[in-house]
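Here the sequence shown is numbered in our numbering, starting from 1 and rising by one per residue.
For glycine and all other residues, C-beta sits at the position ideal for the given N, C-alpha and C.
None of the values given here were measured: they were computed from a predicted structure.
This report concerns only the one structure given below.
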Amino acid sequence: MAYHHGRLRETLIDEAAAAIDERGVDALSLRELARRAGVSHAAPAHHFGDRSGLLTAIAADGFERLADALGAAGADFVEAGVAYVRFASEEPGRFAVMFRTELLRLDDPALEAARDRAGGILASGAVGALGDARADRLAAWSIVHGFATLWNSGAIESAPDEHPDALAREVAARLVPDARAGD
1 MAYHHGRLRE
11 TLIDEAAAAI
21 DERGVDALSL
31 RELARRAGVS
41 HAAPAHHFGD
51 RSGLLTAIAA
61 DGFERLADAL
71 GAAGADFVEA
81 GVAYVRFASE
91 EPGRFAVMFR
101 TELLRLDDPA
111 LEAARDRAGG
121 ILASGAVGAL
131 GDARADRLAA
141 WSIVHGFATL
151 WNSGAIESAP
161 DEHPDALARE
171 VAARLVPDAR
181 AGD
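Written out as structure tokens, the structure reads:
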């Protein structure tokens with residue numbers, strides 16, 4: 001993929017996320033990333049320092065995108081759950097890195113801010129739908145995160161072109177008693 005002048009950092013993040021989706025995070029190297037992006041082998045190191053810096057940048061970008069997706073879902077907590085799963089299914093390379101804390105620089109300010117932004121939106125929606133009980137909020141997050149992880153790994157049987165939205169909506173609706181009134 002050729003990059004647009006001035007967007008090399010973003011191109012490298014996108015290419016790295018695509019490579020992770022294709023071959024897994026363990027196969028990612030800065031040298032391979034440079035080859036994919038059509039730049040010198042020094043370019044990724046210039047922008048990210050090392051592999052950990054690259055993975056941290058991917059995670060920060062992922063949390064920003066997740067926050068945008070959750071925010072676009074509005075106040076409907078079930079739709080926020082669907083947005084979470086949709087993000088994970090559409091951005092599997094980013095999603096695969098975001099919660100791998102052993103690979104990341106957890107004190108990175110951009111990562112902290114992006115993670116806090118996404119977590120704040122998710123927590124706010126959970127409190128509005130479920131109340132202030134920590135266990136309820138954790139259960140809701142666990143369900144949608146678990147569903148997304150199972151979907152991405154292929155553990156949930158689906159048709160080749162099936163999108164997870166409808167099934168994710170059914171699962172997320174179980175979290176909010178009022179949303180199940182029609183069941």
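Rounding to the nearest angstrom, what Cα-Cα distance links residue i and residue j in this structure?
i, j, result
"glycine 74", "alanine 67", "11 Å"
"histidine 47", "arginine 23", "22 Å"
"glycine 125", "phenylalanine 77", "6 Å"
"glycine 38", "glutamate 90", "24 Å"
"glycine 129", "isoleucine 121", "Correcting the residue type first, residue 129 is alanine in the shown sequence and not glycine. Answer to the nearest angstrom: the Cα atoms are 12 Å apart."
"leucine 106", "aspartate 165", "31 Å"
"alanine 168", "alanine 139", "15 Å"
"leucine 104", "threonine 56", "5 Å"
"tyrosine 3", "leucine 28", "Reliability fails at tyrosine 3, whose pLDDT of 49 lies under 50, so the model's placement of it is uncertain and the value that follows must be treated cautiously. Whole-angstrom Cα-Cα distance: 19 Å."
"isoleucine 156", "glycine 81", "17 Å"
"arginine 36", "glutamate 15", "7 Å"
"arginine 137", "phenylalanine 147", "16 Å"
"arginine 117", "leucine 111", "10 Å"
"glutamate 170", "arginine 100", "28 Å"
"glutamate 79", "aspartate 132", "19 Å"
"aspartate 26", "leucine 54", "13 Å"
"glycine 182", "alanine 83", "Confidence at glycine 182 is low in this model, with a pLDDT of 48, below 50, so the placement of that residue is unreliable and no value is reported for it."
"alanine 173", "glutamate 102", "33 Å"
"tryptophan 141", "alanine 159", "26 Å"
"alanine 123", "arginine 86", "18 Å"
"glycine 6", "alanine 72", "28 Å"
"arginine 180", "valine 127", "Legend: pLDDT at arginine 180 = 47, less than 50; position of this residue unreliable, value from coordinates given subsequently. Roughly 18 Å separates the two Cα atoms."
"glutamate 40", "threonine 11", "Rather than glutamate, the amino acid found at residue 40 in this sequence is serine. Their Cα atoms are separated by approximately 14 Å."
Could you say which of the options lies nearest to residue i if we only look at CA atoms?
i, options, result
"phenylalanine 95", "Ser29, Gly38 and Trp151", "Trp151"
"proline 109", "Ala60, Ala83 and Arg137", "Ala60"
"valine 144", "Leu70, Ala37, Pro160 and Gly38", "Leu70"
"serine 52", "Leu30, Ala114 and Ala43", "Leu30"
"glycine 62", "Gly49, Met98, Glu102 and Pro44", "Met98"
"glutamate 64", "Pro44, Ala114, Arg174 and Ala19", "Ala114"
"arginine 9", "Val25, Pro44 and Glu170", "Pro44"
"alanine 175", "Asp50, Ala135, Ser40 and Ala88", "The sequence given here has leucine at residue 175, not alanine. It is Ala135 whose Cα lies nearest to the Cα of leucine 175."
"aspartate 50", "Ser142, Ala72, Val127 and Ile13", "Ile13"
What are the boundary residues of the alpha helix (DSSP H) that includes residue i?
i, result
"phenylalanine 99", "Counting along the chain, phenylalanine 99 falls outside any alpha helix (DSSP H), and DSSP gives it neither H nor E."
"glycine 81", "77-90"
"glycine 71", "51-72"
"leucine 28", "No alpha helix (DSSP H) holds leucine 28; DSSP gives it neither H nor E."
"arginine 265", "Missing from the structure shown is residue 265; the chain here goes from 1 to 183 and no further."
"histidine 41", "Looking at the DSSP string, histidine 41 is not in any alpha helix (DSSP H), and its letter there is neither H nor E."
Since residue i contacts residue j with CB under 8 Å, what's their CB separation in whole angstroms?
i, j, result
"glycine 93", "aspartate 21", "4 Å"
"alanine 42", "leucine 33", "The Cβ separation is near 12 Å, so there is no contact."
"alanine 204", "isoleucine 58", "In this structure the chain extends from 1 to 183, so residue 204 is not present and cannot be described."
Let me know the alpha helix (DSSP H) ranges lying completely inside the region 116-182, each 4 residues or longer, listed in chain order.
For the region 116-182, whole alpha helix (DSSP H) runs of length 4 or above, ordered along the chain, are 134-153 and 165-173.
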